Each structure stands twice: as C-alpha cells, then as structure tokens.
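Protein chains in written order, with my numbering: chain R, 371 to 510; chain A, 371 to 510; chain W, 371 to 510.
Everything below concerns the one structure shown next.
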Amino acid sequence: MKVTTKEIRVRTRGFTDIIDLTKEVQEIVRESGLREGSVVVFVRGSTASITTIEYEPGLVKKDFAEFLERIAPYDYPYEHHKMWGDDNGSAHLRASLVGPSVVVPFVDGRLLLGTWQQIVLVDFDTRSRDRTVFVQVLGS
Amino acid sequence: MKVTTKEIRVRTRGFTDIIDLTKEVQEIVRESGLREGSVVVFVRGSTASITTIEYEPGLVKKDFAEFLERIAPYDYPYEHHKMWGDDNGSAHLRASLVGPSVVVPFVDGRLLLGTWQQIVLVDFDTRSRDRTVFVQVLGS
Amino acid sequence: MKVTTKEIRVRTRGFTDIIDLTKEVQEIVRESGLREGSVVVFVRGSTASITTIEYEPGLVKKDFAEFLERIAPYDYPYEHHKMWGDDNGSAHLRASLVGPSVVVPFVDGRLLLGTWQQIVLVDFDTRSRDRTVFVQVLGS
Chain R
371 MKVTTKEIRV RTRGFTDIID LTKEVQEIVR ESGLREGSVV VFVRGSTASI
421 TTIEYEPGLV KKDFAEFLER IAPYDYPYEH HKMWGDDNGS AHLRASLVGP
471 SVVVPFVDGR LLLGTWQQIV LVDFDTRSRD RTVFVQVLGS
Chain A
371 MKVTTKEIRV RTRGFTDIID LTKEVQEIVR ESGLREGSVV VFVRGSTASI
421 TTIEYEPGLV KKDFAEFLER IAPYDYPYEH HKMWGDDNGS AHLRASLVGP
471 SVVVPFVDGR LLLGTWQQIV LVDFDTRSRD RTVFVQVLGS
Chain W
371 MKVTTKEIRV RTRGFTDIID LTKEVQEIVR ESGLREGSVV VFVRGSTASI
421 TTIEYEPGLV KKDFAEFLER IAPYDYPYEH HKMWGDDNGS AHLRASLVGP
471 SVVVPFVDGR LLLGTWQQIV LVDFDTRSRD RTVFVQVLGS
C-alpha cells in the first residue's frame, strides 16, 4: 500500500456555498495510479465541511442552505459573536455538525459513488474565502 | 498493509429505516485476515447514511426518525420537489447532514465498538430501495 | 505503510462537555514515526462524538451545547426513556447525528488542521463518563 496527498484550492462565496469537487478528487485518484483503497477529503478550517449531495440546483442553491438556516440561524445572539465581534457563529456550528471530512472507497481506480452523489465542499462562513482541501489517497 | 473491498446488499423500506450492519461488517473484517486497521463503511447514493447508534427499538423505530422529521420535515415546499417532481427533498438533506460513511478501527481482528454501539445504514428515501454498502478493510 | 493504535482515556462531565484532544492526537502521530497518512479518531460508545471545532469558550462552553439543545432537547418524551427508564435519549440522537469518528490527514508528521480547528471529543451523555478514544495512525 501507498499514500499520496494533494491539495485543491478553491475560492468560495461563503453563506453555504456548495462546490462540486468530484471531478478533481477522481482525477487525483487516477493520477495516484492506485487501484483499490480510500480517499480522505478534508477541509482545513472550522467554518466549512465536506459531505456528499446530489449536485442539482434545487438542493445546492436553496434547500440545503435554507435547512441549515432554520436549525442554526445566522442572526442569533451567539456567545461567539459577543466574545470576538464576529458574525459567523452559525458557520462554526454548522461546520462542526456536518464535519470536516469524508472518506470514499475506490476500486479499479474509480470512486464508488452513486450517479447522483457528488463530493462537495460546503463553505458556511459569512464571507468569501480561499479554501484548501486536502485529498489523500491510501491504497494499493 | 493490505486492502480488501466487499459489498453488502440490503433491501430497505425507506422513511428513516435503520438496518444493523455490525455483524456483516465484523465478519468481513474477520474474513480479511487482517489484525489491525480500519474499516470504511460507505453507502452509495444521496438519500441514505451510515452512522452508529444503540440498536434498540425506542431509538431505531421511533426517536431518530421523529427527530429528523422535526428538523428536516417530509412535507415542506423544497425546491428539489418543484424542480424534479420528487417528494424526497427531506431525504437528501438528512443524508448530507448525517453523512455517507463511517470509519471504525479494529485491533486483533475485532471492531473497537462499544457494547451498545452498532454500525447502521439509515435509509431516508421515501420508498423501498435496494442499497449497496461498500465495506473496505485497510490494515495489516 | 504501517498502522499503530493507541488509546486516550478521559473523564468527562457529560451534557455536551467538549474536550480538546488535538495535542494528544498530534503526539501519537509524532510517536508513530510515520510521515504521511491519516489518523482515525474514534470514540467508543453511543452517546459521544468526535468532530472538529474552534476551541474557544463561546462556542465550546455555550453555543454548541445550546444549538444541540434546541434541535434535540434533553426534556422530551423519547421512547428510549419510556422503554429503559433512561434520561439520555437526546444524547443518543446527538451522537448519531454528529458521528463517532473523524479522519484527519497528516504530512511530514503534522496534522493538516487549520490554526483555529481542533479535534474534540463531545460527550452528550447526561452524567460524568470515563471515555476511551481510539487513535489509529495509518501511513508511511
């Protein structure tokens, strides 16, 4: 078994901006030359997450953001705001809830995703950010 | 280190149907012959999740489903419904929230789970589905 | 590639007690002697989770706990309470939602975390607990 680690850099708009990384992750697996293993996709930072979703406009432009706004609203008297003069308490809560990483297995060099299942970066922060996503391939 | 990948196929009833996969996953680890490592349990598709839970009827037949119904209700004017004529917007949101995979370490060929902690597939879709869960063992 | 597995034992106070494990996890990676790979951090039990968060008092002493109390309240007629005479139904739901593990890649022996991103144990149980967290390093 071997391991290789790459970075994806992406500029986001924040506010639950959802970016499809599937093609880049699949290409990194292909370039690794490994046939069977798992890829760890991990975002650095505490106001963004990695998950999978069907990448269609209804969900990614509206439903997922509105859902998280209902359960962890932007406009709320978070202690994080009072202590630091920030406005992104909701982003921290959402990121810790959804989580910073996803692990996806591959066989014959192909990710074992469903047709309607994409790997995405979700940026919950309340401004545009330059994000670094680490893509680590472990396998043989 | 070595890697092996197997599939579990299971028919679900949807609507937050929770299926205990612990025994099958433990058996796949045992059959791999590996002693120390981690198992990646990953469900293909964007309306189901993998997590751990105490597999007792109160939680798996009622509490977890009702909890998700409160935070991501079935009956809601999701954009996903308007665009695609579907009724499973809630299933997509819940699946992206809980996540498609869990990674569980093992030592001496045994999963390091608690006694009351089972690995489960949760199918959030709004109909019966035939699901494929990939179980990949990485270790030595 | 090689694998090593260690344990962290920690006494918690329950009720969404959040414990920073970053230093211990980084030290276990360093002691492994491995340069590039991923660490699996997994908590045994069904009423606690592992995630990442900015470890500052506003979020960890107040906001995250209050957020989870709003979406999965302690005081609720859970079936789990009726069947088992327990009071920790909320803890089970929160733990299954946030998840039992996180996977963090490292390069040059250093975890690829952000400056304000810590690996934490979150104990949702409704009493003090002695917790075992497994830290497994896979890499080369």
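Think of the CB as a built atom: it goes at the ideal place given N, C-alpha and C, for glycine as much as any other residue.
The structure displayed is predicted, hence computed values, not measured ones.
message: Does the contact criterion of 3 or more C-beta pairs under 8 Å hold for the stretch 490-506 of chain R versus the stretch 377-391 of chain R?
response: yes
query: With respect to the alpha helix (DSSP H) encompassing Phe437(R), which residues constitute its N-terminal and C-terminal limits?
result: On the first sequence, position 67 is the one that residue 437(R) refers to. Element bounds for Phe437(R): Phe434 to Ile441.
message: Considering just the uninterrupted stretch of the beta strand (DSSP E) at Glu377(W), what are its terminal residues?
response: For the purposes of this step, residue 377(W) is taken as the residue at position 7 of the third sequence. That run of the beta strand (DSSP E) goes Lys372 to Thr382.
task: Compare the beta carbon distance of Asp495(A) and Thr421(A) with 7 Å and say whether it is the shorter of the two.
output: For the purposes of this step, residue 495(A) is taken as residue 125 along the second sequence, with counting starting at 1. For the purposes of this step, residue 421(A) is taken as residue 51 along the second sequence, with counting starting at 1. Not in contact: Asp495(A) and Thr421(A) (Cβ atoms no closer than 7 Å).
task: Since I believe Pro475(W) is in contact with Ser526(W) (beta carbons under 8 Å), could you give me their beta-carbon distance rounded to a whole number of angstroms?
output: No answer is possible for residue 526(W): it lies beyond the span of chain W, which begins at 371 and ends at 510.
message: Please tell me whether Pro443(W) has its Cβ less than 7 Å away from any Cβ of chain R.
response: Taking the third sequence and counting its residues from 1, the one referred to as residue 443(W) is at position 73. Not one chain R Cβ lies under 7 Å of Pro443(W).
query: Using the C-alpha atoms, what's the distance from Phe385(A) back to Val472(A)?
result: Reading the second sequence from its first residue, position 102 is the one you call residue 472(A). Reading the second sequence from its first residue, position 15 is the one you call residue 385(A). Val472(A) and Phe385(A): Cα-Cα distance of roughly 21 Å.
query: Ends of the beta strand (DSSP E) at Arg501(R)?
result: Residue mapping note: residue 501(R) aligns to position 131 of the first sequence, counting from 1. Arg501(R) -> beta strand (DSSP E) spans Arg499 to Gly509.
message: Please report the straight-line C-alpha distance between Lys432(A) and Glu439(A), rounded to a whole angstrom.
response: Along the second sequence, one-based indexing puts residue 432(A) at 62. Along the second sequence, one-based indexing puts residue 439(A) at 69. Their Cα atoms are separated by approximately 11 Å.
message: Please report the distance separating the alpha-carbon of Asp445(R) from that of Gly415(R).
response: Mapped onto the first sequence, residue 445(R) falls at position 75. Mapped onto the first sequence, residue 415(R) falls at position 45. Distance between the alpha carbons of Asp445(R) and Gly415(R): 22 Å.
- request: Can you tell me which of the three DSSP states Ser460(W) falls into?
  value: On the third sequence, residue 460(W) is found 90 positions in, with the first residue counted as 1. Of the three classes helix, strand and coil, the one that applies to Ser460(W) here is helix, per DSSP.
Outcome for Ser498(A) when other beta-carbon atoms lying within 10 angstroms are tallied against a minimum of 16: Numbered from its first residue, the second sequence carries residue 498(A) at position 128. Exposed, by the Cβ-count rule.
query: Can you find a heavy atom of the ligand ADP that lies under 6 Å from the Cβ of Asp493(W)?
result: Of the ligands one can find in the structure shown there are none, so the ligand ADP has no counterpart to examine.
task: Closer than 7 Å, Cβ to Cβ, to anything on chain W: give me those residues from the stretch 411-442 of chain R, in chain order.
output: Phe412, Arg414, Gly415, Ser416, Ile441 and Ala442
message: Tell me the DSSP secondary structure of Val414(R) in three-state form.
response: Translated into positions along the first sequence, residue 414(R) becomes position 44. Going by the sequence as given, residue 414(R) is Arg instead of Val. Coil.
message: Along the chain, where does the alpha helix (DSSP H) containing Gln396(R) start, and where does it finish?
response: Residue mapping note: residue 396(R) aligns to position 26 of the first sequence, counting from 1. It spans Thr392 to Ser402 - the alpha helix (DSSP H) in which Gln396(R) sits, taken as one unbroken run.
query: What are the start and end residues of the beta strand (DSSP E) that includes Phe494(A)?
result: Here residue 494(A) refers to the residue found at position 124 when the second sequence is read from its first residue. Taken as a continuous stretch (DSSP letters only), Phe494(A) belongs to no beta strand (DSSP E), as it is neither H nor E.
Segment limits, alpha helix (DSSP H) that includes Glu449(A): In the second sequence, the residue the question calls residue 449(A) occupies position 79. Segment Glu449 to Trp454, the alpha helix (DSSP H) holding Glu449(A).
message: Let me confirm a value: Gly428(A) is counted as buried when at least 16 other C-beta atoms fall within 10 Å, else exposed. Which label applies?
response: Within the second sequence, numbered from 1, the residue matching residue 428(A) stands at position 58. Classification of Gly428(A): buried, given that the 10 Å Cβ count is 16 or more.
task: Excluding the 5 residues preceding and the 5 following Val507(A) in the sequence, name in chain order all residues of the same chain whose CB lies nearer than 6 Å to its CB.
output: To locate residue 507(A), count along the second sequence from 1; it is residue 137. For Val507(A), where only same-chain residues beyond five positions count, the Cβ hits under 6 Å are Thr374, Val399, Ser402, Leu404 and Val409.
- request: Find the residues of chain R that neighbour Gly518(A), judging by a C-beta separation of less than 8 Å, and give them in chain order.
  value: Nothing can be reported for residue 518(A), as the shown portion of chain A is limited to 371 through 510.
query: Can you list the residues of chain R that Thr325(A) reaches, using a CB-CB cut of under 7 Å?
result: Past the boundaries of the shown model lies residue 325(A); chain A is included only from 371 to 510, so the question cannot be answered.
Supposed contact pair Ala442(W) and Leu463(W) - C-beta distance, whole angstroms, cut 8 Å: Sequence index remark: in the third sequence, residue 463(W) carries index 93 (1-based). Sequence index remark: in the third sequence, residue 442(W) carries index 72 (1-based). With a Cβ gap of about 5 Å, Leu463(W) and Ala442(W) count as contacting.
- prompt: Should Leu459(W) be flagged as near chain A, meaning a C-beta pair shorter than 7 Å?
  reply: Here the question's residue 459(W) lines up with position 89 in the third sequence. One point to set straight first is that residue 459(W) is Gly, not Leu, in the sequence displayed. Interface residue, yes.
In DSSP terms, what Ser466(W) is bridged to: By one-based count along the third sequence, residue 466(W) stands at place 96. According to DSSP, which records beta bridges pairwise, Ser466(W) is partnered with nothing at all.
- prompt: What's the C-alpha gap between Trp486(R) and Leu491(A)?
  reply: Residue numbering aside, residue 486(R) sits at position 116 when the first sequence is read from its first letter. Residue numbering aside, residue 491(A) sits at position 121 when the second sequence is read from its first letter. Trp486(R) and Leu491(A): Cα-Cα distance of roughly 18 Å.
Per-residue contacts from Gly469(R) into chain W (C-beta, under 7 Å): Here residue 469(R) refers to the residue found at position 99 when the first sequence is read from its first residue. In chain order: Thr421, Gly469 and Val472.
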